[in-house]
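Working notes, structure below.
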Ligand code: FES
Ligand code: FES
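In full-length UniProt numbering, the protein residues as written are 1 to 174.
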């Protein structure tokens, strides 16, 4: 057993005793009732289960939860799909996903949303030129599988959010 303390969407959880073989996905879904994080392939191949890990230095990255023990998240700060809307207001990325009809069944959406959010925050710190943007978005979303094949619409939605605030996300030369 491991005693788990972690922060999820800004709220502290723990101490909670978990089995060492309990996956993070089961911890979120079964123990905390946070079912926005999905379980797809169960083999670290589709990223429908991805959540954001926030580093102390302000950087962040996504990680699958299906094959990673909850115990590995002890002491970490993470964000899940439940944390994107603030005070009942959807984030710009959530709104863009809806505006573009980017998802159908929605099973992959939390993973795409978390990945897109990490990209937005990266570009806010390290803007890129406009002519690099398509590649940067494609590289960021690469690895997320959508069985309903919403890839292009997800890509377009992320691009629209970036172009709507280009001074923030893009360098001035393009
Ligand atoms: S369910 Fe975790 S990567 Fe597919
Ligand atoms: S919207 Fe169905 S898997 Fe992506």
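All C-beta atoms, glycine included, are put in the ideal place defined by N, C-alpha and C.
Does DSSP classify residue 90 as helix, strand or coil?
-> By one-based count along the chain shown, residue 90 stands at place 90. It is coil, neither helix nor strand.
What residue range is occupied by the uninterrupted beta strand (DSSP E) comprising residue 130?
-> Mapped onto the chain shown, residue 130 falls at position 130. First-last for residue 130: undefined, no H or E at that position.
Check whether the Cβ atoms of residue 113 and residue 81 lie closer than 8 Å to each other.
-> For the purposes of this step, residue 113 is identified with residue 113 of the chain shown, where counting begins at 1. For the purposes of this step, residue 81 is identified with residue 81 of the chain shown, where counting begins at 1. Result yes, Cβ atoms of residue 113 and residue 81 sit closer than 8 Å.
Note down, in chain order, each residue of its chain lying with its Cβ closer than 7 Å to the Cβ of residue 174, except the 5 sequence neighbours on either side.
-> The residue you call residue 174 lines up with position 174 of the chain shown. Its pLDDT being 49, under 50, residue 174 is placed unreliably by the model, and the measurement read from it follows with that caveat. Correct list, in chain order: 129, 130 and 131.
Is residue 39 near ligand 1, with its Cβ less than 7 Å from a heavy atom?
-> Position 39 of the chain shown, counting from 1, holds the residue named residue 39. The answer is yes for residue 39.
One or two residues paired with residue 51 in a DSSP bridge | As a working note, residue 51 is residue 51 in the chain shown. In the DSSP output, where bridge partners are listed per residue, residue 51 has 63.
What do you get for residue 115, buried or exposed, if any count of 16 or more other CB atoms within 10 angstroms of its CB means buried?
-> Taking the chain shown and counting its residues from 1, the one referred to as residue 115 is at position 115. The residue in question, residue 115, is buried, as its Cβ has 16 or more Cβ neighbours within 10 Å.
Assuming residue 145 contacts residue 108 (C-beta within less than 8 Å), just tell me the rounded distance between them.
-> Residue numbering aside, residue 145 sits at position 145 when the chain shown is read from its first letter. Residue numbering aside, residue 108 sits at position 108 when the chain shown is read from its first letter. Sure, about 6 Å apart at Cβ, within 8 Å.
Could you pull the start and end residues of the beta strand (DSSP E) that residue 38 belongs to?
-> The sequence position of residue 38 within the chain shown is 38, counting from 1. Neither: residue 38 is in no beta strand (DSSP E) and is coded neither H nor E.
In chain order, what residues place their C-beta within less than 7 Å of a heavy atom belonging to ligand 2?
-> Ordered by chain, the residues meeting the criterion of a beta-carbon within less than 7 Å of a non-hydrogen atom of ligand 2 are 103, 104, 105, 106, 107, 108, 109, 146, 147, 148 and 150.
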